[in-house]
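One structure below.
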Amino acid sequence: MSKRKTLSAIIMTLFLGLVSCNSSATVAEESPQSRFLKSVISLGNDFLNVFTSFGDMVGGVLGFNTNTKKSDVGAYFKKIHDTVEGTKIALEKIVSDMRSEGNPNAEATDTAVKKLVSETLSKIIEGAKTASEAIGDASDPIGNVAVAAAGGGAGVAGTGVDSLVKGIKGIVDVVLKGVGNADAGDANKAEDGKTERTAAGDGEAGKLFATANAGDTADKAKKVAADAAKAVGAVTGADILQAIVKNR
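Mapping of the sequence shown onto mature numbering (1 follows the signal peptide of the UniProt record, and there is no 0): residues -25 to -1, 1 to 223, in sequence order.
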């Protein structure tokens, strides 16, 4: 599957029908329709660029690892938020410019833009904002889940975990649309290879974004990192993301 083609369809499909609208109108040196299409194409490229790493998650192993700083993860979702928000504003400006120019396609374009914003962009914006704010700007790595006294780290506090999952789910529901298997991978812990994981028990991958007391000791924090590596080693990023948001 071509990731860029799949993602480009998010924007371009909604506008393809506009090319033929009012095709009998007089064509100037550069018609409003031509300027509109150029704007959409440029906008689509900008929109896709920010999803390059997200697209890599869909086709390959998740890019984040236990050494990735929580602030980097937060900044990633902040970038998604800012870029998609900018895309939304730019699309709305295109509609405004078309109206001021008396473009006959303004109404149809306005309808398409509103549909795109309500069904796609706003959901991605809200999801990215929620995920970014849940993580914050902590400088410790995401694999550092031991308590401060034992291992010097702390995870996302309190309801931050639920907020993080909720934010990611908002993006996954829009972008992946069924891609990935939430049940992929091995359900057994890395510690012994045969005991099934529980609901984020000690030494399990589920503790990566847990509260300050999650790891209890530095040794348990290391086991969490090892279990996370085992959990994601044989599955795609799409599988991981779907597993994160399953039943939420």
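Ideal Cβ placement from N, Cα and C applies to all residues, glycine included.
Bear in mind that the values here come from a model prediction, so they are computed numbers and not experimental data.
Would you grab the beta carbon distance between residue i and residue j for me? Rounded to a whole angstrom, and I think it's under 8 Å.
i	j	result
G61	G102	At roughly 16 Å, the Cβ-Cβ gap does not stay under 8 Å, so G61 and G102 are not in contact.
L139	A113	In fact, because the Cβ distance is near 12 Å, the residues do not count as touching under 8 Å.
R88	A81	It is worth fixing the name first, because residue 88 is Val in this sequence and not Arg. At roughly 10 Å, the Cβ-Cβ gap does not stay under 8 Å, so V88 and A81 are not in contact.
Can you tell me whether residue i is helix, strand or coil according to DSSP?
i	result
E82	helix
G102	helix
G77	coil
G142	helix
G61	helix
G111	coil
By Cβ distance, which residues of its chain are closer than 6 Å to residue i, with the 5 residues on each side in sequence left out?
i	result
V59	L96, I99 and I100
F52	A103, A106 and S107
residue 226	There is simply no residue 226 to check, as the chain begins at -25 and stops at 223 in what is shown.
S(-2)	Residue placement at S(-2) cannot be trusted, given a pLDDT of 44 that sits under 50; the coordinates are not used to answer.
Can you give me the Cβ contacts of residue i inside the same chain, cut-off strictly under 7 Å, excluding the 5 residues immediately before and after it?
i	result
S46	D112, A113 and S114
G49	S107, I110, G111 and D112
V149	T95, K98 and I99
Output needed for residue i: all residues of its chain with C-beta closer than 8 Å, excluding positions within five of it in sequence on either side, in chain order.
i	result
K68	none
Review point. Using 8 Å as the Cβ pair cut-off and three pairs as the minimum, do the stretch 72 to 79 and the stretch 92 to 106 touch?
Key: no
Practice item. Spell out a yes or no on whether the stretch 63 to 71 and the stretch 84 to 93 are touching, meaning 3 or more CB-CB pairs, one atom from each, closer than 8 Å. Key: Result yes; three or more Cβ-Cβ pairs closer than 8 Å.
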